[in-house]
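Step one of this worksheet: look at the structure below.
There are 2 protein chains.
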Amino acid sequence: MQSKTATIEDVARLAGVSIATVSRALHHPAKVAEATRKKVLAAIDSTGFTANAMAQSLRLKSTRMILAIVPDIGNTFFASILRGLEAVAQRRGYGLLIGNSENDPALEETYVSYLRSGKVDGLVLLSGRLPWPAGSIPANPPPMISVCEEIEMPGLPFIGIDNMAAARLAVEHLISAGHRRIAYVAGPERNILTRQREEGYAVALAAAGIPLDPTLLLPGDFSIESGIRAAASMDGMKDPPTAFFCISDEMAIGVIMELTRRGLKVPEDVAVMGFDDIQFSSCTNPPLTTVRQPRREIGEEAMGVLLDLIETGTPPSLRRVLPVEIVVRGSTGMPAKAR
Amino acid sequence: MQSKTATIEDVARLAGVSIATVSRALHHPAKVAEATRKKVLAAIDSTGFTANAMAQSLRLKSTRMILAIVPDIGNTFFASILRGLEAVAQRRGYGLLIGNSENDPALEETYVSYLRSGKVDGLVLLSGRLPWPAGSIPANPPPMISVCEEIEMPGLPFIGIDNMAAARLAVEHLISAGHRRIAYVAGPERNILTRQREEGYAVALAAAGIPLDPTLLLPGDFSIESGIRAAASMDGMKDPPTAFFCISDEMAIGVIMELTRRGLKVPEDVAVMGFDDIQFSSCTNPPLTTVRQPRREIGEEAMGVLLDLIETGTPPSLRRVLPVEIVVRGSTGMPAKAR
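As they're listed, the protein sequences go chains A and B. Quick note on UniProt numbering: the first sequence kicks off at 1 and runs consecutively. Quick note on UniProt numbering: the second sequence kicks off at 1 and runs consecutively.
Below you can see the structure in the form of structure tokens.
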């Protein structure tokens, strides 16, 4: 049924367009009328031209596939972002592949070699760093965009939130409820989100005239387990916190679990606040007060900018920051001393 | 630093091996000593030969990339399986790409065209169906394996659990705690897991001499929201269930939330049991009794079988079923009437 030797000429003839139009439909679809693109794609399908898509990619340097690198596929935070990325990719005729990096250079390397060989058209970086070893960034990297965890590189577009301002808002919410002993549960040490959100925490305290107590800066790694450890570290404290601000909902869930296990009541004894508004944060007991990031919109916006960059050579904007929202649920309230 | 015109001859010369050995190292790595493979890979890296990996793939028909198609990237159930797949892929020198199908034929189609063009070496199907439209399965599909949701196709290897037996075990746990009015909260209608687990539910009831009451078969779709709806459907019942057996933990979490909202106590008033043992199932209040699937092992096993199939042409086994475990936590207990 399908000829294995179908050429771009066959496709053009069948679609009733020029070879240049076929090439444009594949390479710069935004510059071709939707009806023409559909005619070309139909011709490609019926000639079996896509059976030669790899040779075609060599000629056209286009695969219509985008690779998103995420640092941890198990973190539900990324699900809505990936869905947003995918929705826009699909609408514009691209596919989305996901690579899980686990922040492991060996894993990142497999994606790099895949990239180097031109098997994807563009790259969405959710992992906060470039997938190349230090010093070996190629002269002509593929079109790419940094999402959520900002990568500091001139000319690299970024879509996400203002993490400093968002953390400041969260801590101000706790301060306005009367808390002055607020623990900060951090993410991984060198993670940019950890630094930006800690800055927001410090700024909020300073603005309220509350001195920053370094013993309230608790380590974490975004996981439930690290939240459990953070809550358990109250043991040694002379003047324990009345509230925990955790920079991921998973850690806040761990804190609630451990406080509950110790017979403490949330929020009556200790308030707990998270960050992200993942799906499960409304299912905890009590439900979690948190910072909602517009994750699906972040994904949609990011894919739109990347595809514009691929198709036109210039991104429509270099930096876009979307608004966050404090979602107040049951896990925060006034400290016992203030009541 | 890197020559753009590096050829397989350059690689062979630098590695001190024959051209055939370079080809074999890339195409049938299992047939090449690990030290030789490493030498070849080092030579490839330093000559920049991988810059021509696409042309190379045309020659060698190997990309060393595996594509896993998951039905819902937001479902945390898949995270450990993907980690298991990845661990073995990496150990054996392959990369893993993830495609999210959302059970959407349009999305699946993008992966199919990618496959057709030889951009991946093999396919892991977690979505319970082949990614080709009915009737258009290619004569020579790429090596593939079906995982968790079994696809009925002769010769297609499968790794997962015995869903009928696992559901039977779960219901027997509830029966042994004294329950006789046990609701079954289903997954999507045509999903094979729904059918297999409902069979296990029916078999367990029959073995205990409990008649199956069709009004206790409640619809669901694996989501938290569908669990909430299932619990809310108690409203119209003359003789409501004393226990809910939900075939996903997400649905069980929804059931606990809705029962709690209605002032019912879990497990004192109503027992709740889930399926899968996702990360959050130990964080609910009370923690969830569930069926643990060895998800990481399933992923590791599946990748091992697939890579053997790719490298040798025959799978080491066609069907492997791994054992499950009932994890008893706080959400199940004796029915009030029996106490």
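Virtual Cβ for every residue (Gly too), placed ideally from N, Cα, C. What you are looking at is a predicted structure, and each value in this text was computed from that prediction instead of being measured.
request  = Within the same chain, show all residues whose beta-carbon is closer than 6 Å to that of residue 354 of chain B, passing over the 5 residues directly before and after it, in chain order.
outcome  = Nothing about residue 354 of chain B can be read from this structure; chain B reaches only from 1 to 339.
ask   = To the nearest angstrom, how far is it from the Cα of Ala207 of chain B to the Cα of Arg180 of chain B?
value = Here residue 207 of chain B refers to the residue found at position 207 of the second sequence. Here residue 180 of chain B refers to the residue found at position 180 of the second sequence. When rounded, the separation of the alpha-carbon atoms in Ala207 of chain B and Arg180 of chain B is 12 Å.
ask   = With DSSP run on the structure shown, which of helix, strand or coil describes Leu288 of chain A?
value = The residue given as residue 288 of chain A occupies position 288 in the first sequence. Three-state DSSP puts Leu288 of chain A in coil, outside helix and strand.
task = Tell me, please, whether the CB atom of Asp10 of chain B is closer than 7 Å to any CB atom in chain A?
result = In the second sequence, the residue the question calls residue 10 of chain B occupies position 10. Closer than 7 Å: no.
Distance CB(Val305 of chain B)-CB(Ile145 of chain B) smaller than 7 Å = Reading the second sequence from its first residue, position 305 is the one you call residue 305 of chain B. Reading the second sequence from its first residue, position 145 is the one you call residue 145 of chain B. Contact annotation: Val305 of chain B and Ile145 of chain B have beta-carbon atoms nearer than 7 Å.
inquiry  = Helix, strand or coil for Ser146 of chain B? Go by DSSP, reduced to three states.
reply    = For the purposes of this step, residue 146 of chain B is identified with residue 146 of the second sequence, where counting begins at 1. In the structure shown, Ser146 of chain B falls within a strand segment according to DSSP collapsed to helix, strand and coil.
request  = Since I believe Thr76 of chain A is in contact with Gly74 of chain B (beta carbons under 8 Å), could you give me their beta-carbon distance rounded to a whole number of angstroms?
outcome  = By 1-based counting over the second sequence, the position of residue 74 of chain B is 74. By 1-based counting over the first sequence, the position of residue 76 of chain A is 76. Sure, about 7 Å apart at Cβ, within 8 Å.
request  = Report the three-state DSSP secondary structure of Phe244 of chain A (helix, strand or coil).
outcome  = By 1-based counting over the first sequence, the position of residue 244 of chain A is 244. Strand.
key: For Leu107 of chain A, the first and last residue of its enclosing alpha helix (DSSP H)   = Indexing the first sequence from 1 puts residue 107 of chain A at position 107. DSSP places Leu107 of chain A in the uninterrupted alpha helix (DSSP H) bounded by Pro105 to Arg116.
Enclosing beta strand (DSSP E) for Ile224 of chain A [first to last residue] = Your numbering for residue 224 of chain A matches position 224 in the first sequence. Unbroken run through Ile224 of chain A is the alpha helix (DSSP H), Ile224 to Ala232; no beta strand (DSSP E).
ask   = According to DSSP, is Asn52 of chain A helix, strand or coil?
value = The residue given as residue 52 of chain A occupies position 52 in the first sequence. With a pLDDT of only 40 at Asn52 of chain A, under 50, the local geometry of the prediction cannot be trusted, and the value read off the model is given with reservation. Note: Asn52 of chain A maps to helix in three-state DSSP.
key: Nearest residue (CA-CA) to Ala134 of chain A, options A:Asp277, A:Thr284 and A:Glu109   = Your numbering for residue 134 of chain A matches position 134 in the first sequence. Ranked by how close their Cα comes to the Cα of Ala134 of chain A, the residues A:Asp277, A:Thr284 and A:Glu109 have A:Glu109 in first place.
query = From Val266 of chain B to Met251 of chain B, what distance separates their C-alpha atoms?
reply = The sequence position of residue 266 of chain B within the second sequence is 266, counting from 1. The sequence position of residue 251 of chain B within the second sequence is 251, counting from 1. Roughly 15 Å between the two C-alpha positions.
Proximity test, Cβ basis, 7 Å: Phe280 of chain B and chain A = Position 280 of the second sequence, counted from the first residue, corresponds to residue 280 of chain B. Proximity of Phe280 of chain B to chain A, defined by a Cβ-Cβ separation below 7 Å, is satisfied.
request  = Using the Cα positions of Leu309 of chain B and Pro315 of chain B, report the straight-line distance between them to the nearest angstrom.
outcome  = Along the second sequence, read from residue 1 onward, the residue named residue 309 of chain B stands at position 309. Along the second sequence, read from residue 1 onward, the residue named residue 315 of chain B stands at position 315. One C-alpha to the other measures close to 4 Å.
ask   = From Met54 of chain A to Ser62 of chain B, what distance separates their C-alpha atoms?
value = Your numbering for residue 54 of chain A matches position 54 in the first sequence. Your numbering for residue 62 of chain B matches position 62 in the second sequence. At Met54 of chain A the pLDDT is 40, less than 50, meaning the model places this residue with poor confidence; the figure from the coordinates comes in the next sentence. When the Cα atoms are used, Met54 of chain A and Ser62 of chain B turn out to be separated by approximately 12 Å.
key: Leu115 of chain A to Val324 of chain B span [Cα, whole Å]   = Start at 1 with the first residue of the first sequence, and residue 115 of chain A comes out as number 115. Start at 1 with the first residue of the second sequence, and residue 324 of chain B comes out as number 324. Straight across, the Cα-Cα distance linking Leu115 of chain A with Val324 of chain B is about 39 Å.
query = Would you say Leu307 of chain A faces chain B, with C-beta separation under 7 Å as the test?
reply = What you label residue 307 of chain A is simply residue 307 of the first sequence in a count that begins at 1. Put simply, the CB of Leu307 of chain A is far from chain B, with every gap to its CB atoms at 7 Å or more.
request  = Return no unless some Cβ of chain A is closer than 7 Å to the Cβ of Leu60 of chain B.
outcome  = Residue numbering aside, residue 60 of chain B sits at position 60 when the second sequence is read from its first letter. Note that Leu60 of chain B scores a pLDDT of 49, beneath 50, so its modelled location is shaky; the value from the coordinates is reported in the next line. Not a single CB atom of chain A sits nearer than 7 Å to the CB of Leu60 of chain B.
key: Span separating the alpha-carbon of Glu149 of chain B from that of Arg168 of chain B   = Walking along the second sequence from the start, residue 149 of chain B turns up at place 149. Walking along the second sequence from the start, residue 168 of chain B turns up at place 168. Going by the C-alpha atoms only, they are around 18 Å apart.
key: Same chain, Cβ closer than 8 Å to Ile298 of chain B, five either side skipped, listed in chain order   = As a position in the second sequence, residue 298 of chain B is number 298, starting the count at 1. Counting only Cβ-Cβ distances below 8 Å, and skipping sequence neighbours, we find Ile81, Gly84, Val147, Cys148, Ile159, Gly160, Ile161 and Leu322.
inquiry  = Between the alpha carbons of Pro157 of chain B and Trp132 of chain B, how many angstroms are there, rounded?
reply    = Counting from one through the second sequence, the residue named residue 157 of chain B turns up at place 157. Counting from one through the second sequence, the residue named residue 132 of chain B turns up at place 132. Pro157 of chain B and Trp132 of chain B: Cα-Cα distance of roughly 17 Å.
query = Between which two residues does the alpha helix (DSSP H) containing Met251 of chain B stretch?
reply = Taking the second sequence and counting its residues from 1, the one referred to as residue 251 of chain B is at position 251. It spans Asp249 to Arg261 - the alpha helix (DSSP H) in which Met251 of chain B sits, taken as one unbroken run.
message = Please list, in chain order, the residues of the segment 79 to 92 of chain B that have any C-beta partner in chain A closer than 8 Å.
response = Shown in chain order are the members of the segment 79 to 92 of chain B whose Cβ falls below 8 Å from a Cβ of chain A: Ala79, Ser80, Leu82, Arg83, Glu86 and Gln90.
request  = Assign Pro71 of chain B to buried or exposed, taking buried as 16 or more other Cβ atoms, counted over all protein chains shown, within 10 Å of its Cβ.
outcome  = Looking up residue 71 of chain B in the second sequence gives position 71. Its Cβ being crowded by 16 or more others within 10 Å, Pro71 of chain B is buried.
ask   = Taking the C-alpha atoms as reference points, what is the distance between Arg292 of chain A and Pro214 of chain B?
value = For the purposes of this step, residue 292 of chain A is taken as residue 292 along the first sequence, with counting starting at 1. For the purposes of this step, residue 214 of chain B is taken as residue 214 along the second sequence, with counting starting at 1. Answer to the nearest angstrom: the Cα atoms are 41 Å apart.
request  = Spatial neighbours of Leu174 of chain B within its chain, please: CB distance less than 7 Å, with the 5 preceding and 5 following residues excluded, ordered by chain position.
outcome  = Taking the first residue of the second sequence as 1, we reach residue 174 of chain B at position 174. Once the five neighbours on either side are set aside, the close Cβ partners of Leu174 of chain B are Ile182, Ala243, Phe245, Ala271, Met273 and Thr332.
task = Return the first residue and the last residue of the beta strand (DSSP E) that Gly330 of chain B is part of.
result = What you label residue 330 of chain B is simply residue 330 of the second sequence in a count that begins at 1. Careful: Gly330 of chain B lies outside any beta strand (DSSP E) and carries neither H nor E.
key: Rounded straight-line distance, which links the Cα of Ala165 of chain B to that of Arg197 of chain B   = Here residue 197 of chain B is taken as the residue at index 197 of the second sequence, counted from 1. Here residue 165 of chain B is taken as the residue at index 165 of the second sequence, counted from 1. The alpha-carbon separation between Arg197 of chain B and Ala165 of chain B amounts to approximately 8 Å.
inquiry  = Suppose the cutoff is 6 Å on Cβ atoms and the five residues either side in sequence are ignored; what does the same chain contact list for Val88 of chain A look like?
reply    = Locating residue 88 of chain A in the first sequence gives position 88, where the first residue counts as 1. Only Glu300, Met303 and Gly304 meet the Cβ criterion.
inquiry  = By the DSSP assignment, the alpha helix (DSSP H) with Ala68 of chain A in it spans what residues?
reply    = Numbered from its first residue, the first sequence carries residue 68 of chain A at position 68. Looking at the DSSP string, Ala68 of chain A is not in any alpha helix (DSSP H); the run it does join, the beta strand (DSSP E), is Met65 to Val70.
task = Check whether the Cβ atoms of Leu193 of chain A and Gly200 of chain A sit closer than 7 Å, and answer yes or no.
result = As a position in the first sequence, residue 193 of chain A is number 193, starting the count at 1. As a position in the first sequence, residue 200 of chain A is number 200, starting the count at 1. Remark: C-beta atoms of Leu193 of chain A and Gly200 of chain A do not approach each other more closely than 7 Å.
inquiry  = Taking beta-carbon pairs under 8 Å, can you tell me which members of the segment 111 to 141 of chain B lie near chain D?
reply    = This model lacks chain D altogether, as its protein chains are A and B.
task = Verify the CB distance criterion: does Leu97 of chain A have a CB-CB separation below 7 Å to chain B?
result = Counted from its first residue, the first sequence places residue 97 of chain A at position 97. Judged by the 7 Å Cβ criterion, Leu97 of chain A is in contact with chain B.
request  = Could you check what DSSP says for Gly99 of chain A in three-state terms: helix, strand or coil?
outcome  = Taking the first residue of the first sequence as 1, we reach residue 99 of chain A at position 99. Reduced to three states, the DSSP call for Gly99 of chain A is strand.
ask   = Of all Cβ atoms in chain B, is any one closer than 7 Å to the Cβ of Asn285 of chain A?
value = Position 285 of the first sequence, counted from the start, is the residue given in the question as residue 285 of chain A. Yes, because at least one Cβ of chain B sits closer than 7 Å to the Cβ of Asn285 of chain A.
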